[in-house]
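Working notes, beginning with the structure itself.
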Amino acid sequence: MARNPGRTVFIGNLDEKVSERVLYEILIQAGHVVGLHVPSNKESNSRKGYAFAEYETEDIAQYAVRLFSGLVRINGKTLKFVVGFHFYLGTLVVYNILPTSITCVYTTCL
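Residue numbering for the sequence shown is 1 to 110, as defined by UniProt numbering.
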């Protein structure tokens, strides 16, 4: 998954109790989702609080971010949506590649 960062949406602030099915049902409201990955901690098997959704096109991914940002709230948590990401040696670097702004989020992968 995530072979094309421009089609991939990072979803942050995700409650660990949210199922992949519920998240998928929300995400398909923007368009065809070709892949969904919700990482979990290998030791405790608990969710890490973020996910990645790959859409069919870059336009759909950008539309999803515009559609969902600030509006999707699950279990009292407002989800964060950002287009694009890259992996660098154990560190997740998320880039917002929307033309209006650039935001970087850094977190260590366990």
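Even for Gly, the Cβ is constructed at its ideal location relative to N, Cα and C.
Candidates Val18, Ala61 and Asp15: closest to Asn4 by CA position: Taking the first residue of the sequence shown as position 1, residue 4 is located at position 4. Closest by alpha carbon: Ala61.
Collapsed DSSP secondary structure at Pro26 in the structure displayed: Start at 1 with the first residue of the sequence shown, and residue 26 comes out as number 26. This sequence places Ile at residue 26; Pro is not what is there. In the structure shown, Ile26 adopts helical secondary structure according to DSSP, grouped into three states.
Boundaries (first-last residue) of the alpha helix (DSSP H) holding Val65: As a first step, residue 65 is located in the sequence shown; it is residue number 65 there, counting from the start. For Val65, the enclosing alpha helix (DSSP H) stretches over residues Glu58 to Phe68.
Residue nearest to Tyr24 in terms of C-alpha spacing, selected from Ala51, Thr57, Arg47 and Ser44: Looking up residue 24 in the sequence shown gives position 24. For Tyr24, the closest C-alpha among the options Ala51, Thr57, Arg47 and Ser44 is that of Ala51.
Three or more C-beta pairs below 8 Å linking the segment 53-68 and the segment 18-36: Between the segment 53-68 and the segment 18-36, the count of Cβ pairs shorter than 8 Å is three or higher; the stretches touch.
Classification of Lys42 by the beta-carbon crowding that lies within 10 angstroms, buried from 16 upward: As a working note, residue 42 is residue 42 in the sequence shown. When all chains shown are included, Lys42 counts as exposed.
Range of the contiguous beta strand (DSSP E) that encloses His37: As a position in the sequence shown, residue 37 is number 37, starting the count at 1. It spans Val33 to His37 - the beta strand (DSSP E) in which His37 sits, taken as one unbroken run.
Cα-Cα separation between Phe87 and Gly12, rounded to whole angstroms: Here residue 87 is taken as the residue at index 87 of the sequence shown, counted from 1. Here residue 12 is taken as the residue at index 12 of the sequence shown, counted from 1. For Phe87, the pLDDT reaches just 43, beneath the cut-off of 50, and the residue's location in the model is therefore unreliable, although a value from the coordinates is still provided. Using only the alpha carbons, I get a separation of about 16 Å.
Euclidean distance between Cα positions of residue 137 and Val82: Nothing in the structure corresponds to residue 137, since the chain is present only between 1 and 110.
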